[in-house]
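As structure tokens, the structure follows; a few thoughts come after it.
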Amino acid sequence: METKWLAYRIFPEPLGTTYQHDDLMNRADVEKLFDYCQILEAMISRQGWQFLINHYSYPVLFEINKGSEWFDCESLEEFIFEVESHIDSLPI
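When the letters of the sequence shown are read in order and numbered with the numbering used here, they come out as residues -13 to 78.
Have a look at this one:
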């Protein structure tokens, strides 16, 4: 199954919001997306994570996560482990 979006939020109803490359280019928007994911309003696809990791790098995503606190991690290594575990749990 090929995903046509990198991330998806269930609001606004009825169709929700899809996120593409351009939507994930701004760090503040990624932090907001992490906030939505934390409260189960949004999800990031495997392709979305691949884009985020390639575009920002794990250290920058770790800094973004500090603002949202989606993943409760105190170190970069712990963050990488949590993100990779999360990605592994996503549908292919």
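Yeah, the Cβ is synthetic: ideal placement off N, Cα and C, and Gly gets one too.
All of these numbers come straight from a predicted model, not from anything done at the bench.
- Item | Backbone CA spacing between E(-1) and A28 [nearest angstrom] | Stepping through the sequence shown from its first residue, residue -1 is reached at position 13. Stepping through the sequence shown from its first residue, residue 28 is reached at position 42. Roughly 13 Å between the two C-alpha positions.
- Classification of I80 by the beta-carbon crowding that lies within 10 angstroms, buried from 16 upward: Because the chain here runs from -13 to 78, residue 80 falls outside it and cannot be looked at.
- Message: DSSP three-state label for I78, please.
- Response: In the sequence shown, the residue the question calls residue 78 occupies position 92. Three-state DSSP puts I78 in coil, outside helix and strand.
- Task: Give the DSSP bridge partners of M11, in chain order.
- Result: Here the question's residue 11 lines up with position 25 in the sequence shown. Looking at the DSSP assignment, M11 forms no beta bridge with any residue, so it has no partner.
- Message: Taking a contact to mean a Cβ-Cβ separation below 9 Å, would you say V69 touches Y44 in this structure?
- Response: For the purposes of this step, residue 69 is taken as residue 83 along the sequence shown, with counting starting at 1. For the purposes of this step, residue 44 is taken as residue 58 along the sequence shown, with counting starting at 1. Taking 9 Å as the Cβ cut-off, V69 and Y44 qualify as a contacting pair.
- Message: Suppose only complete runs of 4+ residues qualify. What are the alpha helix (DSSP H) ranges in the region 29 to 67, listed by chain order?
- Response: 32 to 42, 44 to 54
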